[in-house]
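Student: Numbering follows this note's numbering, in which position 148 of the sequence shown is assigned residue number 208; successive positions increment by one, without gaps. Positions of the beta carbon are idealized from the N, C-alpha and C atoms, including for glycine.
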Amino acid sequence: MTMAEKTHASGYVEPGDTSERVGVKSIEERGVDVEELREKLIDAIAAEFTTYYYYTNLRMHLAGEEDYKEITEDARLEDRAHFELAVPRVYELGGSIPRDIRDFADRASCPDAYLPEDPTPEAILETLLEAERCAIRTWSEVCDMTRGKDPRTYDMAARILQKEVEHEAWFIELLAKERDDEVVPAGHFVRGEPGDAPYSTNTNINESA
Ligand SMILES: [Fe+2]
Ligand SMILES: [Fe+2]
């Protein structure tokens, strides 16, 4: 192949230019509003990060309910993994996380998952369930913004969405049993280790592809 035939050897970005990114230009050309996407991503990972914090408190208050605690711990650690997975993407898209964690928490795309006033297992499980539902809505929206246009963000969002759908099923099962004594199976057993985060950790992202 002659140099003239190597059609991807050059393009919009000048050789050596570090002020522009082919990785950004290429998704813009395919119709992604990059600024909108990266701001949406910051809101989404702020929700993951704050949820990780709030779930710590919710999990602790499930004292004596070891099965509920274990499931909540998986969901908690997986939210941290979701934050870790997606934060580099914000920078690749030319954005950054806020300097002040208060600003970061305030822009989370989901409500604060506060410990309920009356922290019964039922009330805590309902809080957990609604937090998962917000996460499903959030990551579904990111999938919609990137499908067929931005494979890297789409892949991350889809991996995270897979987990959020599982989390919803877990908390439906637990809440239905706790509140209504009703059996609504999630089809789930335990993760290998707490925080395994299949599909969505930085370290094993290739293995779980
Ligand atoms: Fe999450
Ligand atoms: Fe979740």
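Would you call residue 178 buried or exposed, if buried means 16 or more other Cβ atoms sit within 10 Å of its Cβ?
Tutor: Label assigned to residue 178: exposed.
Student: Please report the Cβ distance between residue 236 and residue 244, rounded to the nearest whole angstrom; I am assuming they are in contact, meaning their Cβ atoms lie under 8 angstroms.
Tutor: That pair is a contact at about 4 angstroms.
Student: Have a look at residue 251 and residue 215 and give me their C-alpha separation to the nearest angstrom.
Tutor: Spanning the two alpha carbons is a distance of roughly 22 angstroms.
Student: Going by DSSP in three states, residue 333 sits in which element: helix, strand or coil?
Tutor: Given a span of 61 to 269 for the chain in the structure shown, any question on residue 333 remains unanswerable.
Student: Please name the residue in 175, 207, 229 whose C-alpha comes closest to that of residue 122.
Tutor: For the residues 175, 207, 229, the minimum Cα distance to residue 122 belongs to 175.
Student: According to DSSP, is residue 61 part of a helix, a strand, or is it coil?
Tutor: Residue 61 falls in the coil class under three-state DSSP.
Student: What residue does the alpha helix (DSSP H) around residue 158 start on, and which one ends it?
Tutor: No alpha helix (DSSP H) holds residue 158; DSSP gives it neither H nor E.
Student: Thinking just about the alpha-carbon of each residue, which of 104, 173, 157, 126 is nearest to the one in residue 142?
Tutor: Ranking the options by Cα distance to residue 142, first place goes to 104.
Student: Does the region 77–85 touch the region 108–122, meaning 3 or more C-beta pairs lie closer than 8 angstroms?
Tutor: Cβ pair count under 8 angstroms is below three, so no.
Student: Using the C-alpha atoms, what's the distance from residue 102 back to residue 163?
Tutor: One C-alpha to the other measures close to 11 angstroms.
Student: Pull up the CB-CB distance for residue 185 and residue 249, whole angstroms please, since I reckon it's below 8 angstroms.
Tutor: Rounded, the Cβ-Cβ distance is 18 angstroms, inconsistent with contact.
Student: When we look at the beta-carbon of residue 187 and count the other beta-carbons within 10 Å, is it buried (16 or more) or exposed?
Tutor: Buried is the call here.
Student: By the three-class DSSP mapping on this structure, what secondary structure does residue 258 have?
Tutor: Looking at residue 258 - three-state DSSP - the assignment turns out to be coil, as it is neither helix nor strand.
Student: Tell me whether residue 136 is buried or exposed, calling it buried when 16 or more other Cβ atoms sit within 10 Å of its Cβ.
Tutor: Buried.
Student: Between 99, 109, 240, which lies nearest to residue 144 when the distance is taken from Cα to Cα?
Tutor: Nearest of 99, 109, 240 to residue 144, Cα basis: 109.
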